[in-house]
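A.B. asks: Below is a structure I'd like to ask you about.
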Ligand SMILES: Cc1cc2nc3c(=O)[nH]c(=O)nc-3n(C[C@H](O)[C@H](O)[C@H](O)COP(=O)(O)O)c2cc1C
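In this note's numbering, the protein residues as written are 17 to 382.
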């Protein structure tokens, strides 16, 4: 089984949450969740990048309440943060993605659910009820299989398709290897036996790699998916202005500036550093979101000030799921929203529309 100690761990702070998750999960699962690619330089840099900005404090006594509501591709949400897609959630808690979806929906927050979910996309949709949900698509080797998943997502009430482009092959993840994590021991993929995870990458001196297993993820394939669905398309894994322009030309209505939590290309830039150039390149042609290293409400405020419309949260949601299932996720997301509202009030901003570039300044180097 995956859990080592009681799941009734309570947490009051982010630090307590992370420590409790590490205590709760078996070492191999912890290695899977916490680890990144290679020496984890990008994974660490994602978090550290938020320390390069200060929030300009301009408290105004007339700001006494804060409104976090916004829209994402036209859909109302209670706050500008969302649950990022993460695979195999039953490996951290038996209630899996259904617990996460129920918690996000209860708070009126967007949840994005992975192709590689342990629960089926239909059962996740049922757990989310009327809550906003997007489906994350890993392009499959056969386009027909990708299109089949898109159809199912349409029927199950997902309101956007998020195509992840940064994982044609899996990153090489040292910590995962060292911890002994093996996908074949994790619960099966809920979306059916034909759904494939991205293959392992090439080994320079041979090995089992077969280039034909890599799904075609050209912009043309993405344009094909876009033409095949009425749902808006979001491209996840953009880190350059050129990539952003390609995605918009292929019909993306939204982009996630992301390096997959530092799990793919070690030494890819931290998402926050890549954000301003992408916001500039895209202008008003698409919504720009960011994930990677977002841990707290004040991080969200910095990313919003630099032009993100919303931020996604990956690992901390898994920590919370591990520690308390649905209640744990609800508690963490609630803490996050409280801290965002508190930071805004202290910074003198009453609503999301008042958050702009003037709110932050670069921290002096040194
Ligand atoms: C355990 C784990 C599994 C993930 N699985 C997926 C996935 O199936 N699809 C995907 O697009 N991104 C996946 N991601 C990446 C997240 O969507 C997101 O980009 C990343 O976790 C954000 O960084 P953070 O963990 O620092 O918040 C995964 C991340 C983690 C930690």
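Just so it is clear, CB atoms sit at the ideal spot from N, CA and C, and this is done for glycine as well. Only a predicted model underlies this, so the values are computations on that prediction, with no experimental measurement involved.
State buried or exposed for residue 116, treating a residue as buried only when at least 16 other CB atoms are found within 10 Å of its CB.
C.D. replies: Taking the chain shown and counting its residues from 1, the one referred to as residue 116 is at position 100. With 16 or more Cβ atoms within 10 Å of its Cβ, residue 116 is classed as buried.
A.B. asks: Beta-carbon within less than 8 Å of residue 184's beta-carbon, same chain only, minus the 5 sequence neighbours each way: which residues are those?
C.D. replies: Locating residue 184 in the chain shown gives position 168, where the first residue counts as 1. So the list reads 214, 230, 231 and 233, once near-sequence residues are dropped.
A.B. asks: Less than 6 Å between C-beta atoms, sequence neighbours within five positions excluded: which residues of the same chain meet that for residue 19?
C.D. replies: As a first step, residue 19 is located in the chain shown; it is residue number 3 there, counting from the start. With a pLDDT of 49 at residue 19, under the threshold of 50, the predicted position of this residue should be treated as unreliable, and no value is reported.
A.B. asks: By Cβ distance below 6 Å, which residues in the same chain neighbour residue 103 in space, the five residues on each side in sequence not counted?
C.D. replies: Working through the chain shown from its first residue, we reach residue 103 at position 87. Result list for residue 103: 130 and 132, in chain order.
A.B. asks: Answer yes if the segment 252-269 comes into contact with the segment 170-183, meaning at least three C-beta pairs across the two stretches below 8 Å, and no otherwise.
C.D. replies: Judged by Cβ distances under 8 Å, the segment 170-183 makes contact with the segment 252-269, as three or more pairs qualify.
A.B. asks: Sorted by chain position, which residues of the same chain lie with C-beta nearer than 7 Å to residue 207's C-beta, five sequence neighbours on each side aside?
C.D. replies: Within the chain shown, residue 207 is the residue found at index 191, counting from 1. Same-chain partners within the cutoff: 131, 133, 136, 137 and 165.
A.B. asks: Verify whether the separation of the beta carbon atoms of residue 371 and residue 302 is less than 9 Å.
C.D. replies: To locate residue 371, count along the chain shown from 1; it is residue 355. To locate residue 302, count along the chain shown from 1; it is residue 286. Cβ distance not < 9 Å, so residue 371 and residue 302 don't count as in contact.
A.B. asks: Does the pairing of the segment 29-39 with the segment 333-345 give three or more beta-carbon distances under 8 Å?
C.D. replies: Flag = yes, the segment 29-39 and the segment 333-345 touch.
A.B. asks: Please list the terminal residues of the continuous alpha helix (DSSP H) segment that includes residue 326.
C.D. replies: For the purposes of this step, residue 326 is taken as the residue at position 310 of the chain shown. Unbroken run through residue 326 is the beta strand (DSSP E), 326-329; no alpha helix (DSSP H).
A.B. asks: Just curious, the alpha helix (DSSP H) that residue 64 is in, first and last residue?
C.D. replies: In the chain shown, residue 64 corresponds to position 48, counting from 1. Where residue 64 is concerned, the enclosing alpha helix (DSSP H) stretches over 57-64.
A.B. asks: Going by the CB atoms, is the gap between residue 291 and residue 306 shorter than 9 Å?
C.D. replies: In the chain shown, counting from the first residue as 1, residue 306 sits at position 290. In the chain shown, counting from the first residue as 1, residue 291 sits at position 275. In this structure, residue 291 lies closer than 9 Å to residue 306 by Cβ.
A.B. asks: Need the endpoints of the beta strand (DSSP E) that residue 271 sits in, please.
C.D. replies: The residue labelled residue 271 in the question sits at position 255 within the chain shown. First-last of the beta strand (DSSP E) with residue 271: 270-273.
A.B. asks: Using the Cα positions of residue 80 and residue 313, report the straight-line distance between them to the nearest angstrom.
C.D. replies: Residue mapping note: residue 80 aligns to position 64 of the chain shown, counting from 1. Residue mapping note: residue 313 aligns to position 297 of the chain shown, counting from 1. Whole-angstrom Cα-Cα distance: 18 Å.
A.B. asks: In angstroms with no decimal places, state the Cα-to-Cα distance between residue 261 and residue 272.
C.D. replies: Your numbering for residue 261 matches position 245 in the chain shown. Your numbering for residue 272 matches position 256 in the chain shown. Answer to the nearest angstrom: the Cα atoms are 13 Å apart.
A.B. asks: Thinking C-beta only, is residue 98 closer than 9 Å to residue 126?
C.D. replies: In the chain shown, counting from the first residue as 1, residue 126 sits at position 110. In the chain shown, counting from the first residue as 1, residue 98 sits at position 82. The answer is yes: Cβ separation under 9 Å.
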